[in-house]
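What follows is one structure encoded as structure tokens, with my remarks underneath.
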């Protein structure tokens, strides 16, 4: 039986596309290699005594992310505000060997982001980014090389701060991140870099009490979904049909195909006829290990630290109120390093980091660790990024993939909020609109 559209990937992009198309009488089948929906979101019930849900994948929502907030409202999912604490013991930095930023340095960080926002605003046409005369220069540069430019006069402490902030926002060390990709990411954020701030009204303002995976679970309820059967090959040699071969050996036929996964996974699919070299994806995935350590008491509250200091495995630390826990993100090169170590070593290193940072000897009562780079059908988190010199055909990933019949949609291809759940929803919905037009 011929299906109008097969969607590969049951994350937020794929399910948002399926919802849009099926509501307009387009027959859709969603296939997913995992045995669950949700993609790079993953929620898990905490132990019985905690009575709460924890998120081991994408989690946070900003107040201007209208699409995801609309789904939250529609599904009646309660939100929790991320908690932040502001007091700072003056001797804590000295106790752990940190040097706080001076007021002048803090202002310089703000000024640098203002400059980046202005550079990003120069990229007025995302479909034809190369029309900007500076795009090729920025594509060849790394974010680190920009920060290290001696003409800018940044001292070592300031350079470290900027690099750590970029790392925490991309899960990629700035030495491995194209400046153009970074600017395009900022360009996709309504309000610019200020919308990415931690704290109230920033991109980490809300969490879903039941876990962010609930969005995908509820979106999936009315869709035709086949789990545990990944895509192996695509034969689009016929102008009238596309033939898909799955891991199970089963075959499907469709009129249009939507690949709703990160472009970094394209190389895992065989195409017939083979794709031209223009379509080879040079993205690499961000590297992230997400950890949640549940404690019996919130000993860290009332103590603010410089949480982006690399004093242990975790590059960024967040307070979790329900249950009482610390979320630690291990990112970039550190995530790659710890991925190959024994888990008990990692647990001990994180406990040591927290105990040093907060001057305590508390031990966690439960620990949860998710190695996203070990997830076969993700290969990392938060999202795919372009290394320096690798963005050769940016516009292709934003348009029809093959002859108006095969399309890409993921948070990486979003026009807004690249790298976020909001971006995945936007990419899925906007691509579904294009597909609908092609079918009519």
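Residue numbers (this note's numbering): 190 to 629. Cβ coordinates follow ideal geometry from the N, Cα and C atoms, glycine included.
**Prompt:** Can you name, in chain order, every residue of its own chain whose Cβ lies under 7 angstroms from the Cβ of residue 224, other than the five neighbours on each side?
**Reply:** For residue 224, where only same-chain residues beyond five positions count, the Cβ hits under 7 angstroms are 416, 417.
**Inter-residue Cα distance where the pair is residue 549 and residue 519** = Cα-Cα distance, rounded: 21 angstroms.
**Prompt:** Under the rule that 16 or more other beta-carbon atoms within 10 Å means buried, what is residue 320, buried or exposed?
**Reply:** Label assigned to residue 320: exposed.
**Request:** Give every residue of the same chain whose Cβ lies closer than 7 angstroms to the Cβ of residue 240, excluding the five residues on either side of it in the sequence, and list them in chain order.
**Result:** Excluding positions up to five away in sequence, the list is empty.
**Request:** Could you tell me which residues DSSP pairs with residue 474 in its beta bridges?
**Result:** Its beta-bridge partners are 573.
**Message:** Can you tell me which residues form a DSSP beta bridge with residue 424?
**Reply:** The partner list for residue 424 (beta bridge, DSSP) reads 432, 461.
**Prompt:** Going by other Cβ atoms of all chains shown within 10 Å of its Cβ, with 16 needed for buried, is residue 211 buried or exposed?
**Reply:** By the 16-neighbour rule on beta-carbons within 10 angstroms, residue 211 is buried.
**Message:** Please identify the residue among 474, 560, 555 whose C-alpha is closest to the C-alpha of residue 529.
**Reply:** For the residues 474, 560, 555, the minimum Cα distance to residue 529 belongs to 560.
**Prompt:** Who does residue 233 pair with in a DSSP beta bridge?
**Reply:** Residue 233 is bridged to 243.
**Prompt:** Between residue 307 and residue 359, what straight-line distance do the alpha-carbon atoms span, to the nearest angstrom?
**Reply:** If you take the alpha carbons of residue 307 and residue 359, they lie about 20 angstroms apart.
**Asked** Do the CB positions of residue 570 and residue 246 come within less than 8 angstroms of each other?
**Response** For residue 570 and residue 246, yes; Cβs fall inside 8 angstroms.
**Request:** For residue 474, count neighbouring C-beta atoms within 10 Å of its own C-beta (all shown protein chains included) and say buried if the count is 16 or more, exposed if not.
**Result:** By the beta-carbon neighbour count (other beta carbons within 10 angstroms, threshold 16), residue 474 is buried.
**Request:** Consult DSSP for residue 527 and reduce its assignment to one of helix, strand or coil.
**Result:** The answer is helix: DSSP assigns residue 527 an H, G or I state.
**Item:** Exposure of residue 299, with buried meaning 16 or more beta-carbon neighbours within 10 Å
**Value:** Residue 299 comes out exposed.
**Asked** Closest by CA to residue 565, which one among 601, 451, 610?
**Response** Among 601, 451, 610, the Cα nearest to that of residue 565 is on 451.
**Request:** Could you round the C-beta distance between residue 252 and residue 398 to whole angstroms and report it? I think they count as a contact, below 8 angstroms.
**Result:** Wrong, their Cβ atoms sit about 17 angstroms apart, outside the cutoff.
**Prompt:** In or out: residue 370 buried (at least 16 other Cβ within 10 Å) or exposed?
**Reply:** Buried: at least 16 other Cβ atoms inside 10 Å.
**Message:** Going by DSSP in three states, residue 191 sits in which element: helix, strand or coil?
**Reply:** Of the three classes helix, strand and coil, the one that applies to residue 191 here is strand, per DSSP.
**residue 231 versus residue 314 - alpha carbon distance** = Taking the Cα positions, residue 231 is about 34 angstroms away from residue 314.
**Item:** Contacts around residue 507, its chain only, beta-carbon distance under 6 angstroms, and the 5 residues preceding and following it disregarded
**Value:** Counting only Cβ-Cβ distances below 6 angstroms, and skipping sequence neighbours, we find 516.
**Request:** In the DSSP assignment, find the unbroken alpha helix (DSSP H) run with residue 508 in it and report its ends.
**Result:** Unbroken run through residue 508 is the beta strand (DSSP E), 505–509; no alpha helix (DSSP H).
**Prompt:** Straight-line CA distance for residue 350 to residue 337?
**Reply:** Taking the straight line joining both Cα atoms gives about 12 angstroms.
**Request:** Work out the CA separation of residue 449 and residue 194 for me, nearest whole Å.
**Result:** Spanning the two alpha carbons is a distance of roughly 12 angstroms.
**Nearest candidate by alpha-carbon position, reference residue 390, set 617, 554, 269** = Of the candidates 617, 554, 269, the residue whose Cα lies closest to the Cα of residue 390 is 269.
**Asked** Quick one: what does DSSP say residue 208 is sitting in, helix, strand or coil?
**Response** Residue state, collapsed to three classes: helix.
**Prompt:** Less than 8 angstroms separating the beta-carbons of residue 366 and residue 576?
**Reply:** Contact: yes.
**Message:** Rounding to the nearest angstrom, what Cα-Cα distance links residue 372 and residue 322 in this structure?
**Reply:** One alpha carbon belongs to residue 372, the other to residue 322, and they sit about 14 angstroms apart.
**Request:** Measure the alpha-carbon distance for residue 459 versus residue 606 and round it to whole angstroms.
**Result:** Rounded to the nearest whole angstrom, the C-alpha separation of residue 459 and residue 606 is 30 angstroms.
**Asked** Is residue 254 closer than 8 angstroms to residue 611 when the C-beta atoms are compared?
**Response** Yes, Cβ-Cβ distance for residue 611 and residue 254 is below 8 angstroms.
**Request:** Look up residue 390 in the DSSP assignment and say whether it is helix, strand or coil.
**Result:** Correct three-state label for residue 390: coil.
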